[in-house]
Structures are given as C-alpha cells and as structure tokens.
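Chemist: So the sequence shown is numbered by full-length UniProt numbering: it starts at 1 and just counts up by one.
From the three backbone atoms N, C-alpha and C, an ideal C-beta is built for every residue, glycine too.
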Amino acid sequence: MSARLSTLVKRDLGVDPEIVGVTADSRKVRPGFLFAALPGSKVDGAEFAARAAEAGAAAVIASRDMDLAVPTIATPDPRRAYALAAAAFWGRQPDVCVAVTGTNGKTSVAGFCRQIFAQAGRKAASMGTLGVRISAPGVADEQVTPPGLTTPDAADVAELLAKVAQRGVTHFAMEASSHGVDQRRLDGVKLVAAGFLNLTQDHLDYHGTMGAYRAAKLRLFETLLPRGGTAVLNADSEAYPAFAAAAVEAGHTVMSVGEAGQGLRLAARVLTPEGQRLTIEADGRSYDVRLPLAGGFQASNALVAAGLCLAAGLSLDAVLAGLEALEGAPGRLQRVGTGARGGEAYVDYAHTPDGLETVLKALRPHVRGRLIVVFGAGGDRDRGKRPLMGRIAAELADVAIVTDDNPRSETPAAIRAEVMAGAKGASEIGDRREAIRAAVAMLADGDLLVVAGKGHEQGQIVGDVVHPFDDVTETARALEQAHG
Ligand SMILES: CC(=O)N[C@H]1[C@@H](OP(=O)(O)OP(=O)(O)OC[C@H]2O[C@@H](n3ccc(=O)[nH]c3=O)[C@H](O)[C@@H]2O)O[C@H](CO)[C@@H](O)[C@@H]1O[C@H](C)C(=O)N[C@@H](C)C(=O)N[C@H](CCC(=O)O)C(=O)O
Ligand SMILES: Nc1ncnc2c1ncn2[C@@H]1O[C@H](COP(=O)(O)OP(=O)(O)OP(=O)(O)O)[C@@H](O)[C@H]1O
Ligand SMILES: N[C@H](CCC[C@H](N)C(=O)O)C(=O)O
Ligand SMILES: [Mg+2]
Numbered sequence: 001m002s003a004r005l006s007t008l009v010k011r012d013l014g015v016d017p018e019i020v021g022v023t024a025d026s027r028k029v030r031p032g033f034l035f036a037a038l039p040g041s042k043v044d045g046a047e048f049a050a051r052a053a054e055a056g057a058a059a060v061i062a063s064r065d066m067d068l069a070v071p072t073i074a075t076p077d078p079r080r081a082y083a084l085a086a087a088a089f090w091g092r093q094p095d096v097c098v099a100v101t102g103t104n105g106k107t108s109v110a111g112f113c114r115q116i117f118a119q120a121g122r123k124a125a126s127m128g129t130l131g132v133r134i135s136a137p138g139v140a141d142e143q144v145t146p147p148g149l150t151t152p153d154a155a156d157v158a159e160l161l162a163k164v165a166q167r168g169v170t171h172f173a174m175e176a177s178s179h180g181v182d183q184r185r186l187d188g189v190k191l192v193a194a195g196f197l198n199l200t201q202d203h204l205d206y207h208g209t210m211g212a213y214r215a216a217k218l219r220l221f222e223t224l225l226p227r228g229g230t231a232v233l234n235a236d237s238e239a240y241p242a243f244a245a246a247a248v249e250a251g252h253t254v255m256s257v258g259e260a261g262q263g264l265r266l267a268a269r270v271l272t273p274e275g276q277r278l279t280i281e282a283d284g285r286s287y288d289v290r291l292p293l294a295g296g297f298q299a300s301n302a303l304v305a306a307g308l309c310l311a312a313g314l315s316l317d318a319v320l321a322g323l324e325a326l327e328g329a330p331g332r333l334q335r336v337g338t339g340a341r342g343g344e345a346y347v348d349y350a351h352t353p354d355g356l357e358t359v360l361k362a363l364r365p366h367v368r369g370r371l372i373v374v375f376g377a378g379g380d381r382d383r384g385k386r387p388l389m390g391r392i393a394a395e396l397a398d399v400a401i402v403t404d405d406n407p408r409s410e411t412p413a414a415i416r417a418e419v420m421a422g423a424k425g426a427s428e429i430g431d432r433r434e435a436i437r438a439a440v441a442m443l444a445d446g447d448l449l450v451v452a453g454k455g456h457e458q459g460q461i462v463g464d465v466v467h468p469f470d471d472v473t474e475t476a477r478a479l480e481q482a483h484g
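Next up, the structure:
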C-alpha cells in the first residue's frame, strides 16, 4: 500500500515521495514512512525526528520547521495533520460512522449500537475500551483487537476503520474519550452523528479543570462532526444546554433523548424481573419497549444508542426491536452468582464518583438485606475523585470495603488512605482477592454485592507489572469456596 505525500498532507512541497506507512512512533518507522513528531505528555516527538529520518522516514510532520534531510510539513496542529494523513493513507471507512462521548457509558453505548445495527441486518463494528468487535446477523461475533485504549492512536483508528470496511462492515460505532478528542485521535473519522451522555468528574489529572474537560468533549460537536450531522444529546444531563448550544452553533440537527428529551422522550420506566419496561415517545406516538437490562443509567445509554442508530439511517421499528434484544457489555453490572446463604454478586466497571453513585442507586431497589461494595481508585489518575468515591460508597452502601485498583506507580496504601478519608465506617483490605473473599463471606439472603472498578480488566497494574487478575473469576471462585 502506498500514496503520494501530497495526497496525504494536501500541500505542494516541491518533492512528492511515495509514502508506505504513517506513524507517530519513531521506533515503528520503516523506509518510506511519514513520521509525525508530536509533543507528548512525557517527551516531545521532535526529539526523535532525526532518528526517524535515519531509519528511512520520507517526510516528517512537526509543529515547526526542522533541519532534516527530508521534507518537513510544519503546522500549528501536527496531531490533526497526522490524523488526517493517516485517514487519507488508509482510505476506506465504513459507510456510516458514529461516535459517543461522556464520562460514563461510552462502552455500553458503542456496544449497543453494534448490536442494534446487526439485529437490523447490517454488518457492524464497535471500537473502544473493549477493543474492536464485529457483529453480523446469524454469525458469531468476531473480536478483532483486544481491550486497549478507549480511543486508539490516530493511525490505529485509521487502519482499523479500513480493515473492518474491507471485511464488509458498513455500520461503525466508536467511543470518543476526552483524551482521544483532545489528542485528535479521531479527527480523521468521517462521522454522520455524535452522541453525548454525561459530564461528571474524572480525568482532572489530565485536563486540569472541569471546564477544560468539558471543552475537550465539546470539540466532538464543534469541530469533528461535520456541519449538518446529527447530535444525539442526553437531555437529562446537567451539561445538556452547553452541548445543545454547541451543536446548534455548529449547524447540526439536535436529537435530544431522555426524560427531558424531545426526539426520543422517556415517558415512563417500570422495573421488571428481566430489566425494565420503557415508554418511549417518538414521532408523536408512544411505544412500549422491554429493555432486558436493569438501571436507569442503562435506559439513558439505550436511548443515546437508539438515537445514534436512527441518525445512521435505521428505521424506528428496527431500532426499538433492537433495544429489546440488547445484552449488557461484559463487566458492566454483570451477574456472577449466588452466595452460599443466598444473595447475589455482581461485577461492575464504576470507576468515577458518578459511576459508583449510579450503580449503587440502581441496585438499591433490588436489595432486601445489605448492599455491599468492594472498590478502589486507580493510581496515576485523578486524585480528586478518591475521597468523593469513598464518601459515595460509605453513604450509599451498607458495607464498603476499600481495596486496590491498579495502583500503577503510586503507593497502594497512600491511594487507599485518600479513598478512606471520605469513607466513614468503611473497612480497608488492600489485597483485592482478600477483599473479594471477605465480601463474599458476608453474603446472605437478600444481600447484593458489587465488586466495582475493574469490570472486564484482566490485570492488576502494580508499578510497571500487570499481574493477571479478573474480578469475575475471583468473585466466582470465592462464591465456589463459600459453597464448600
Ligand atoms: C496521557 C496520554 O494520553 N498518553 C497517550 C499519548 O502519549 P503521549 O502523546 O503523551 O506520548 P509521549 O510518551 O509523551 O511521547 C510523545 C510522542 O513521542 C513519540 N515517541 C516516544 C518515544 C520514542 O522513542 N519515539 C517516539 O517517537 C510517541 O510515540 C509520541 O507520539 O499517546 C500515546 C500513543 O497513542 C498513548 O499510548 C498514551 O497513552 C497512555 C499509555 C495512557 O495511559 N493513556 C490514557 C490516560 C488514555 O489515553 N486514556 C483515554 C481515556 C479513557 C477513559 O475514557 O476513561 C483512552 O482513550 O484510553
Ligand atoms: N449513563 C451512565 N451514567 C452513569 N454511570 C454509568 C452510565 N453508564 C454506565 N455507568 C457506570 O459506569 C461504568 C462504566 O461504564 P462504561 O464502561 O460503559 O463507561 P465508559 O464511558 O466506556 O468508561 P471508560 O471511561 O473507561 O471508557 C458502568 O459499569 C456503570 O457503573
Ligand atoms: N479508562 C479509565 C479506566 C479506569 C479503570 C480503573 N480500573 C483504573 O485503573 O483507574 C482510565 O484509564 O482512567
Ligand atoms: Mg469505555
């Protein structure tokens, strides 16, 4: 595969080498590659430009002119130029691409869109925290890449889009993380619609302030969704007015969804043993939908997914039928089993204050005994959320056990102390396996246990080492042991 440099960077540089690959990592450069020298959070990619040229790079994208033997494309926004060049290099994309942003629920919505598309007879894929997955009617799902970044690097996004399109995927839904939008990782994706779920505290280690975090998410609507696209917005979020204003300003059609929504209005919600019954008003009519998932938050996620699928061209009937067959994303309120003396154990991915509050409130109506939660907070991530998560667990659960969740480069006990500072009456068990065992040992009839924060994750990151660890397996083992 190759392309002329001028077709990738839309500039006449006098010379026009044939480009055979695009990367922002000098260690991946091969002869004929276009190298993007990007300013990063740890190092400046410009430091590696000379090395990239020595390794055979045919041209370099950078923020300034550099004294190199190969052409330099100097631009004030090299990350965007890199994403656009990668998209032009890889060329093909599925016919219809949608993206979803929000602090919580993106993985669920991207997966729901893929399922609704496939249910309606389309070959579809999703991209996000759980990797890339293809679904098509009548065949088993195919996992194309394993879990990794929520929004992969721009060149990876471009390559994966081309690969799934090559395999016949026509409908595509992706997660737009705030890091991803800010770092231009999805600037090359041709979107027809973008969804917004919610904006609550997370990632302030990276963005600094809630205002900057919001601005990163707004950019999806202000800059990335082309004029005339559809903005599917959760009208029940406090941040809705800002997103609606940005979408209108950018010339998009706004489809508001939720209890306060107009495009898809959630008129009523009734709990059932299988999940919930939703009354949805759309196009002046009222529809009764059986959603096989529990929790008000899943109703929000389902409505945003439904809006995105409508914007992608599916009929209302097909979308509503799709909602009735949805399966939850792995590790999100996933039921693991029953305790020896009764009670149920769940694994969930809540790793933010709002996520934890949402999942505990969603479970409460199903509790006849005690609500027990095992959770922690990640190292090298927003420190401000630690005491907030502690307080929420202490207030909303009957038993809260604080444990480790990917301490990374930080001292585990110090992270736990910051969580404990907000968690009045909670107990602390650093070893996650022990914490899960202790919680399972307490389970009795009418109790619910939720092991929160790691969901689908397969490892506990301590320092630079990933120790194999899976909450579902550990919880299942503890339940087995309790059964004797
Ligand atoms: C803070 C952050 O987002 N970092 C990501 C970012 O790194 P960076 O640009 O800051 O990289 P850097 O290490 O400073 O290096 C700068 C540049 O020099 C290049 N370089 C570096 C070394 C070398 O020898 N040669 C070379 O060319 C690098 O490739 C890079 O282009 O770009 C890298 C390449 O895509 C990512 O791997 C890296 O993700 C790190 C591992 C990470 O942990 N990211 C998390 C925080 C993240 O992105 N999370 C979001 C949000 C999840 C959510 O929604 O909750 C996600 O989308 O997953
Ligand atoms: N709409 C929602 N509102 C609030 N909390 C939610 C919502 N949807 C899911 N959650 C909670 O957040 C957790 C993570 O959900 P999900 O993985 O779908 O979010 P995400 O936005 O993809 O997260 P990440 O930032 O890691 O990519 C769930 O396990 C649940 O506890
Ligand atoms: N996408 C999120 C996931 C957090 C999951 C939690 N287990 C942690 O490690 O903090 C992040 O990278 O912040
Ligand atoms: Mg996700």
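Tell me which residues share the same chain as Phe117 and place their Cβ nearer than 6 Å to its Cβ, disregarding the 5 neighbours each side in the sequence.
Modeler: Ala124 and His171
Chemist: Which one of Ser178, Leu220 and Leu191 has the shortest CA to CA distance from Leu204?
Modeler: Nearest C-alpha to Leu204: Ser178.
Chemist: Using only the alpha-carbon positions, how far apart do Val367 and Leu448 sit?
Modeler: 6 Å
Chemist: Check whether the Cβ atoms of Ala362 and Leu316 sit closer than 8 Å, and answer yes or no.
Modeler: Contact flag unset, no.
Chemist: Is the distance from the Cβ of Ala136 to the Cβ of Pro78 below 8 Å?
Modeler: Against a cut-off of 8 Å, the Cβ pair of Pro78 and Ala136 comes out as no contact.
Chemist: Verify the contact flag: Asp405, CB atom, against every heavy atom of ligand 3, threshold strictly below 7 Å.
Modeler: yes
Chemist: Ligand 1 heavy atoms versus the CB of Thr150: any closer than 7 Å?
Modeler: yes
Chemist: Could you please give the first and the last residue of the uninterrupted beta strand (DSSP E) stretch that includes Glu142?
Modeler: Val139 to Thr145
Chemist: In chain order, what residues of the same chain lie with their CB nearer than 6 Å to the CB of Gly275, ignoring the 5 residues before and after it?
Modeler: Leu291, Pro292, Leu293 and Ala294
Chemist: Which residues mark the beginning and the end of the beta strand (DSSP E) in which Ser108 is found?
Modeler: Not the beta strand (DSSP E): Ser108 falls in the alpha helix (DSSP H), residues Lys106 to Gln119.
Chemist: Along the chain, where does the alpha helix (DSSP H) that runs through Phe243 open and close?
Modeler: Tyr240 to Glu249
Chemist: So, with DSSP's three-state summary, where would you put Ala201?
Modeler: A small fix is needed here, since residue 201 is Gln in this sequence, not Ala. Three-state result, Gln201: coil.
Chemist: Going by DSSP, which residues form a beta bridge with Thr75?
Modeler: In DSSP, Thr75 forms no bridge with anything.
Chemist: Leaving out the 5 sequence neighbours to the left and right, which residues in its chain are closer than 8 Å to Arg227 when beta-carbon positions are compared?
Modeler: Ala250, Gly251 and His252
Chemist: Report the residue from Glu327, Ile61, Leu191 and Leu479 whose alpha carbon sits nearest the alpha carbon of Val336.
Modeler: Leu479
Chemist: Which residues mark the beginning and the end of the beta strand (DSSP E) in which Pro468 is found?
Modeler: Run containing Pro468: Val465 to Pro468, per the beta strand (DSSP E) assignment.
Chemist: At 3 residues or longer, and completely inside the UniProt domain "Mur ligase C-terminal" (331–455): list those beta strand (DSSP E) runs for me, N to C.
Modeler: 334–338, 344–348, 371–375, 399–402 and 448–452
Chemist: Taking contact to mean at least 3 C-beta pairs separated by less than 8 Å, is the segment 1–18 in contact with the segment 68–78?
Modeler: yes
Chemist: On a Cα-Cα basis, can you pick out the residue from Gly390, Ala312 and Leu308 that is closest to Gly195?
Modeler: Comparing alpha carbon positions, the residue from Gly390, Ala312 and Leu308 closest to Gly195 is Leu308.
Chemist: Can you give me the Cβ contacts of Ala435 inside the same chain, cut-off strictly under 6 Å, excluding the 5 residues immediately before and after it?
Modeler: Shown here for Ala435: same chain residues with a beta carbon closer than 6 Å to its own, the five before and five after excluded, namely Val374, Ile401, Thr403 and Ile429 in chain order.
Chemist: Is Leu460 near ligand 1, with its Cβ less than 7 Å from a heavy atom?
Modeler: It is worth fixing the name first, because residue 460 is Gln in this sequence and not Leu. Checking the Cβ of Gln460 against ligand 1 gives no.
Chemist: Hey, out of Tyr213, Gly111 and Asp95, whose CA is closest to Leu303's CA?
Modeler: Gly111
Chemist: Met389 to Thr129, Cα distance in whole Å?
Modeler: Rounded to the nearest whole angstrom, the CA to CA distance from Met389 to Thr129 is 22 Å.
Chemist: Give every residue of the same chain whose Cβ lies closer than 6 Å to the Cβ of Met255, excluding the five residues on either side of it in the sequence, and list them in chain order.
Modeler: Sequence-distant partners of Met255 (beyond 5 residues in either direction) whose C-beta falls short of 6 Å from its own C-beta, in its chain, are Thr230, Val232, Gly263 and Gly307.
Chemist: I'd like the span of the beta strand (DSSP E) that includes Met127, first residue to last.
Modeler: Ala124 to Gly128
Chemist: Please confirm if the segment 93–100 is in contact with the segment 156–168, defined as three or more CB-CB distances below 8 Å between the two stretches.
Modeler: Look at the beta carbons and you see the segment 93–100 touching the segment 156–168: at least three pairs across the two are nearer than 8 Å.
Chemist: What did DSSP end up calling Arg219 once you bin it into helix, strand or coil?
Modeler: helix
Chemist: Select from Ala55, Ala423, Ala311 and Glu395 the residue whose C-alpha is nearest the C-alpha of residue 507.
Modeler: Residue numbering for the chain in the displayed model covers 1 to 484; residue 507 lies beyond these limits and cannot be assessed.
Chemist: Relative to ligand 3, is the shortest distance from any of its heavy atoms to the C-beta of Gly378 smaller than 7 Å?
Modeler: yes
Chemist: Report, in whole angstroms, the separation of the C-beta atoms of Met66 and Ala46, which I expect to be a contact under 8 Å.
Modeler: 7 Å
Chemist: Check for me: the beta strand (DSSP E) holding Val100 runs from which residue to which?
Modeler: Val96 to Thr101
Chemist: Beta carbon of Ala3: closer than 7 Å to some heavy atom of ligand 1?
Modeler: Annotation for Ala3 indicates a beta carbon at 7 Å or more from all heavy atoms of ligand 1.
Chemist: Sort Glu418, Ala83, Gly379 and Asp445 by Cα distance to Val462 and report the nearest one.
Modeler: Gly379
Chemist: Under the rule that 16 or more other beta-carbon atoms within 10 Å means buried, what is Gln143, buried or exposed?
Modeler: exposed
Chemist: Thinking C-alpha only, which one of His351, Asp25, Val347 and Lys385 is nearest Asp44?
Modeler: Looking at His351, Asp25, Val347 and Lys385, the one whose alpha-carbon comes closest to that of Asp44 is Asp25.
Chemist: In this structure, does DSSP put Gln166 in helix, strand or coil?
Modeler: Shown here, Gln166 sits in a helix according to DSSP, grouped into three states.
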